[in-house]
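Heads up: the sequence shown begins at 1 in UniProt numbering, then just goes up one per residue. Think of the CB as a built atom: it goes at the ideal place given N, C-alpha and C, for glycine as much as any other residue. Just so you know, these numbers come straight off a predicted model, no measurement behind them.
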Amino acid sequence: MKSRGWDDPLLPDPIQQAWKAWENELHDLSLIQLPRCYSTLPSNQIASRELHIFCDASESAYGSVAYLRMESDKGVVHTSFIMARSRVAPKRQISIPRLELCAALTGAQLCKLLQNELTHPLTNIVLWSDSTTILSWLHSLSCRYKAFVANRVTEILELTDPSSWRYIPSVQNPADDITRGKTLVDLAKPAHRWRQGPTFLKFPPHEWPKNLMPRPASPDPELRKPLFCGLTQVDDCILPDPSSFKSWSELQSATKELLQKHREDPCDASSVQILLLRQAQQQSFPSEYQCLKEEKPIEPQSCLITLSPEFNEETGLIVVGGKLRRVEDIEPGMVHPIVLDPKHPLSHLIIKDCDEKLFHPGPERVFS
């Protein structure tokens with residue numbers, strides 16, 4: 001339909017007729033009367049007060065309506081209209097489930113408002129919707145859905161408990177009158193459900209509409225597309241396991257042979273040793289290695305803290321820090337010894353190799 005201005009004198013006949021019908025109906029406003037008192041039951045005889053809120057939506061409008069259900073200690077039930085809220089559906093096309101969700105949100109907001117404003121305590125709160133899709137959303141994790149649904153589901157669950165939501169067939173839902181519209185003459189009838197709520201509220205809870213277990217729609221267009229986030233960590237190279245070898249020289253030879261199969265440039269003995277030592281440190285001290293590499297302090301409870309460890313940028317190895325660097329005429333390897341875990345298999349092979357080369361001189365000579 002072509003958009004029209006408020007001062008446009010050339011309105012189509014259907015619009016003029018609709019306006020005239022609405023204007024004539026204004027005279028029927030005097031027929032609408034609602035009692036100020038919610039109940040004729042004596043206060044000292046009321047055993048329970050329940051708040052019932054019904055929600056519904058259509059392509060034209062959405063909203064919610066609230067009723068107070070009071071039951072006396074003798075089983076007499078009285079229901080009364082409290083208030084209602086309605087909204088015109090947005091011009092941009094929105095799916096019916098999304099509009100139903102907007103209606104549920106108005107119901108949740110209405111529930112919170114009435115909880116704060118009603119002076120008498122409520123023994124029970126029930127919110128009703130004729131959309132099984134909405135009920136399934138409210139019983140799921142909001143993060144599973146797209147932003148429109150997720151944000152509104154989160155807000156509804158902040159205001160209400162998911163267990164307080166129930167299913168109602170559309171034909172029994174008084175909020176359906178919000179979305180379809182009723183004339184003032186219809187609403188003025190004393191027995192109209194808009195004034196007192198659906199008839200089943202007069203009966204015990206076991207005679208209310210059966211509460212359907214919500215099942216998610218399949219497929220649900222509001223679900224976020226699954227996104228896999230993974231971290232693949234690849235070592236510089238796959239080196240042999242030191243625990244599989246009997247000597248340090250065998251491990252170096254096997255490592256050199258393996259590297260030459262995957263590299264075009266030749267590998268010298270020093271490069272092989274550094275790679276094996278680096279792998280051992282990364283396995284024994286993963287967090288310390290990463291911190292020192294990024295020039296961050298290590299944890300105070302680390303087993304390396306007393307060694308004042310440093311990271312050698314040239315070799316990529318953790319070495320011992322301290323005051324030995326100030327001593328002159330000392331070999332670099334003695335100033336900053338390489339740190340190894342004594343329990344690592346590589347450490348065992350190196351100690352064994354030194355012991356054999358020195359013809360088993362004893363622990364003091366080997367470790368010196």
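Check	Outcome
Best match in E23, V153, L184, S72 for proximity to L29 [C-alpha to C-alpha]	L184
Spatial distance of C303 from L349 (CA atoms)	22 Å
Completely contained alpha helix (DSSP H) runs for the region 254 to 285, where each covers 4 or more residues	269 to 284
Contained beta strand (DSSP E) runs [length at least 3] in the region 31 to 110, N- to C-terminal order	46 to 57, 61 to 72, 77 to 88
Per-residue DSSP class, three states only, for I298	coil
Buried versus exposed call for C37 [16 or more other C-beta atoms within 10 Å across all chains shown]	exposed
DSSP-derived helix/strand/coil call for F359	coil
Pair within 8 Å by beta-carbon distance, Y167 and N124	no
Boundaries (first-last residue) of the beta strand (DSSP E) holding C165	Contrary to the premise, residue 165 reads as Trp rather than Cys in this sequence. First-last of the beta strand (DSSP E) with W165: 165 to 167.
C-alpha gap between C102 and F148, whole angstroms	10 Å
Other residues of its chain near S86: CB distance less than 6 Å, five sequence neighbours each side excluded	A61, G63, I178
Contacting residues, own chain, Cβ-Cβ under 6 Å from A84 (five flanking each side not counted)	V65
Close Cβ partners of F200 (< 6 Å) along its chain, the five nearest in sequence each way excluded	W208
Sequence-distant residues of the same chain with beta carbon closer than 6 Å to C55, five excluded per side	S64, A103, A104, G107, S129, A175
Within 8 Å, strictly: CB atoms of E100 and I156	no
Test item: CB-CB of L292 and E313 under 8 Å	no
Within 8 Å, strictly: CB atoms of V272 and Q290	no
Three-state secondary structure assigned by DSSP to E314	coil
Element boundaries [beta strand (DSSP E), containing N211]	Run containing N211: none; DSSP gives neither H nor E here.
R49 to D73 span [Cα, whole Å]	11 Å
Closest residue to E158 among L138, Q172, V171, N173 (Cα-Cα distance)	L138
Host alpha helix (DSSP H) of I134 (start-end)	132 to 138
Three or more C-beta pairs below 8 Å linking the region 276 to 285 and the region 341 to 359	yes
Cut-off 6 Å between Cβ atoms - residues of its own chain near N173, not counting five sequence neighbours on either side	F54, D56, D130
Integer-rounded CB distance, given that L127 should sit under 8 Å from residue 409	Beyond the ends of the chain as shown, which are 1 and 368, falls residue 409; an answer cannot be given.
P266 versus C354: straight-line alpha-carbon distance, rounded	26 Å
Cβ-heavy atom distance, T106 to the ligand GTP, below 7 Å	This structure lacks the ligand GTP; in fact it carries no ligand of any kind.
Which listed residue (A47, F81, D7) has its alpha carbon closest to that of H192	F81
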